[in-house]
Amino acid sequence: MVIEIKVPTVGESISEVTIAKWLKKDGDYVQQDEVLCEMESEKATFELNAEKAGILKIAPAAQEGATLKIGDVACTIDTDAAAPAASASAPVTAAAPVAEAAPTAAPAAPAVNKGTIEMKVPTVGESISEVTLVKWLKKDGDYVERDEVVCELESEKATFELNAEEAGVLITVGKEGDTLKIGDVACKIDTSAARPAGKATPAAAPAAQPAKGAPQPQQAPVTSIPNDVKASPVAAAVIADKHVDPSSIKGSGAHGKIMKDDVYAALDNPGVAIGQEMFTRQERREKMSNLRKTVSRRLVEAKNTTAMLTTFNEVDMTEIMALRAKYKEVFKKQHEVNLGFMSFFTKACCFALKEFPSVNAYIDGEELVYHDYCDISIAVSAPKGLVVPVIRNAESLDMAGIEKTVVELATKARDNKLTMPEMTGGTFTITNGGVFGSLMSTPIINIPQSAILGMHKIQDRPMAVNGQVVIRPMMYLALSYDHRIIDGRESVSFLVRVKEMLENPEQLLFGKDPLKALLKL
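See the structure below:
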C-alpha cells in the first residue's frame, strides 16, 4: 500500500511552506515517526515525520527549496516494501555489509562513497536571498560525520547551522564573513575518504592526556578569555600563552573576531591598545551584516511610510529611586531578580495603553487593528545589532515577572539565541537610550506598531518645587507616534499619564502598604 504524506496545517495564517532540507533520500527505507525533512513557514521551522514504515518516494514538486501549499503531497511511502536486512534506524550502519566481507578494512572504510558532494546554502525563507557565513565550526581537511554541524550562517532574521549531508573530509569553499546567495556552494565533502582510526572518540584524546604540555595550548585558551570575546583558535592560544589582555586588541576578522595577526600586533606594541593608536589616512570597508541590512531597511521604511511625530515630557524619578533603594534588597531576596526601572515603565505604559487604545493599535490597509492586550517590545543592543524581543501579555505580569522576562530576553539577545517568535508581534515598544548616556532623542517607530517610548539618562537638574529651587533626578521622555492613527491630544495625554504614574509609583503598586503590594506584584 502506498500512502501519501501531505504538508500539515501549521497555523491559521500559514498557506504555504518551503522544503528546507530532506533528511532522508529518495528510495530510503524509513521507520514510522522517523523525521523525513525540515520545512519552513514564514514564522517557524518544523519537521515532517513518516506516518508508516516503508520505502520513501519524494514527490517531484517537493525538492529542496520548493514551495508547497498546505495539503500538497510532499512524498509517498510504500508500506508493502520489505525492510532491508540491516537495521534502518541507524543509517550509518549501511557500511556493515562491507565490514562483514572485509573485516580488517572496516575501521578505515568510509560510511558512504558518493565521491565529492557539494553542500549548498539552503532556502531559509521566501524573502531571504543571501546569507553571511559567520563561522566555520570545522576546519578545512577535517573529517566530519553525517549531520555534524560544519558552520554557522546568518540571514537577515536569524542565525542557523549547516549540517554535513554525508560523512567525509570537509573542503571549505566560502570564507568567514563572505556573503553567499541561496544555492551557492558553501563547502564540499569528499565521501571517498577513509574515516580516521580515532574518529569514534574525538573528545577522549585531549581528556586522556591532561598532564602533557604539547596538546594543552589548543584547549586552554577556550576558558582563558572571557566568553564575550571572539577569537580564532590560534589567536586564543596566543592570548592565553602570552597573557595578553583581549580588551586591548581590536579584531580584524568578521564581526570583530580577533585573529592571530591582531595578537602579534599587540605584542609588538606593548602598552598600546591596538586600534586606539593615532589616526591615519587609511580607510577600510566592511560588508554590512544581514541583520544590519534589515534594521536599515525597516528604519527607512518607518520614516517613509508613517506620519511620524515626537512629543516630549520629563519625569521626576525621585519617588521611584527612593522606592527602589528602600525595597531592592527584600525584592531580590523574595524574587531572585533585581528591581529595575523597566518594570515601572512597562507597568505605567500598560495602564496608559488601556486608557488610550489607539497608541496600542496599528493600521492595516484601510482598517485600524486594536489590541486588548499589551505585548511590549524592548529594544536591546546585541553583539550583532539592534534586536527587539517581546514581553508577551505584559499587562498580566507582576513587577517580578516583568523583570525576570527582561533578564531572560536580554541574555538571549547577548548570546544570539533569540528565536523569531520572540522577536515578532509586539504592539508597543520601549527603548532606553539612557543606558548609553543619551539625554534626549527622537526614537523611530517599530513598524507596524504606531508608537514607541524613549527613556533617557537620569540627570540631576534644578527644578522649581513649591516656589523653591531644588535638585531632582529628572529624565526626559519621548513618544514618537504615527499621526495617521494617533492624534496630538492622545499622544500628549498618553505621555502625561505615564509621567503621572511614574511620579506616583504607588498607583502602580495598588495598595496602602507599598512593601506588601511590591512583594505581591
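For the sequence shown, the UniProt record's numbering gives the first residue as 1, with consecutive numbering after it.
Beta carbons: idealized from backbone N, C-alpha and C, even for Gly.
DSSP three-state assignment for residue i, whether helix, strand or coil
i	result
Y373	coil
G177	coil
T191	coil
A236	helix
M1	coil
S247	helix
V144	strand
Q334	helix
I378	strand
Q63	coil
T93	The predicted model places T93 with a pLDDT of 38, which falls under 50 and marks its position as unreliable; any figure quoted below should be read in that light. The answer is helix: DSSP assigns T93 an H, G or I state.
P8	coil
K120	strand
L508	helix
V149	strand
F160	strand
D241	helix
D80	coil
E367	strand
Y280	Before going further, note that residue 280 is Thr rather than Tyr in the sequence given. Coil, per DSSP.
N360	helix
F439	Checking the displayed sequence, the identity of residue 439 turns out to be Leu instead of Phe. Residue state, collapsed to three classes: coil.
K69	strand
A220	Because A220 carries a pLDDT of 36, less than 50, the predicted location of this residue cannot be relied on, and the following value inherits that uncertainty. A220 falls in the helix class under three-state DSSP.
L48	strand
I485	coil
A197	coil
E154	strand
Residue i - containing alpha helix (DSSP H), residue span
i	result
K293	N290 to T305
G401	M399 to R414
residue 587	Any property of residue 587 remains undetermined from this structure, which presents the chain solely from 1 to 521.
V35	V35 -> not in any alpha helix (DSSP H); beta strand (DSSP E) instead, spanning V35 to E40.
M463	Segment Q459 to V465 is the beta strand (DSSP E) holding M463; no alpha helix (DSSP H) there.
K21	No alpha helix (DSSP H) contains K21, which is instead part of the beta strand (DSSP E) from E16 to W22.
L339	Element bounds for L339: n/a, residue is neither H nor E.
Member of the options whose CA lies at the smallest distance from the CA of residue i
i	options	result
D398	L508, L368 and I430	L508
V359	D268, Y370 and E366	Y370
Q435	A83, L23, G454 and F46	The sequence as given places Val at residue 435; Gln does not occur at that position. Closest option to V435, Cα to Cα, is G454.
D190	T442, T172, L180 and V263	T172
K230	M119, K250 and K57	K250
V337	A400, V388, F356 and S289	A400
S438	S450, V73, H456 and T429	H456
V134	E64, A167 and S232	S232
residue 525	M321, I19, D142 and I58	With the chain covering 1 to 521 only, the question about residue 525 has no answer from this structure.
T9	M39, V30 and T310	M39
R195	K188, D178 and E166	E166
A322	D147, P448 and E503	E503
T79	E4, A59, E16 and E152	E4
D178	L386, V121, F494 and A307	V121
E118	A361, G174, V73 and M1	G174
M308	S491, V295 and K287	S491
M440	L36, T427, N446 and Q459	Q459
E403	V150, F341 and R461	F341
D72	G54, L48 and I55	L48
D268	A61, V244, T280 and P443	V244
D261	Q282, T280, R281 and I239	I239
R392	A59, R497 and E408	E408
I363	C187, P505, T427 and Q32	T427
G115	K21, A193 and S343	A193
Continuous beta strand (DSSP E) stretch holding residue i: start and end
i	result
K499	Premise fails: K499 lies in the alpha helix (DSSP H), G488 to E503, not in any beta strand (DSSP E).
R472	Q468 to D482
V134	E130 to W136
N446	Element bounds for N446: n/a, residue is neither H nor E.
G425	Looking at the DSSP string, G425 is not in any beta strand (DSSP E), and its letter there is neither H nor E.
K57	G54 to I58
F312	M308 to D316
T172	G168 to T172
V387	G385 to V387
I452	A451 to M455
Cβ-heavy atom distance, residue i to the ligand MG, below 8 angstroms
i	result
K457	Looking at this structure, you won't find the ligand MG or any other ligand, since it has none at all.
### Message
Count Cβ pairs between the stretch 322-329 and the stretch 370-388 that sit closer than 8 angstroms; are there 3 or more?
### Response
no
### Query
Looking at C-beta atoms only, is the number of pairs between the stretch 246-262 and the stretch 334-347 that lie closer than 8 angstroms three or more?
no
### Query
Looking at C-beta atoms only, is the number of pairs between the stretch 469-482 and the stretch 303-315 that lie closer than 8 angstroms three or more?
yes
#### Entry: Cβ contact check for the stretch 175-190 and the stretch 128-144: 3 or more pairs under 8 angstroms
yes
#### Entry: Any 3 or more C-beta pairs closer than 8 angstroms across the stretch 444-451 and the stretch 476-490
Under the Cβ criterion (8 angstroms, minimum of three pairs), the stretch 444-451 counts as touching the stretch 476-490.
### Task
Assess, as a yes-or-no matter, whether the stretch 383-392 is touched by the stretch 351-365 under the definition of 3 or more beta carbon pairs within less than 8 angstroms.
no
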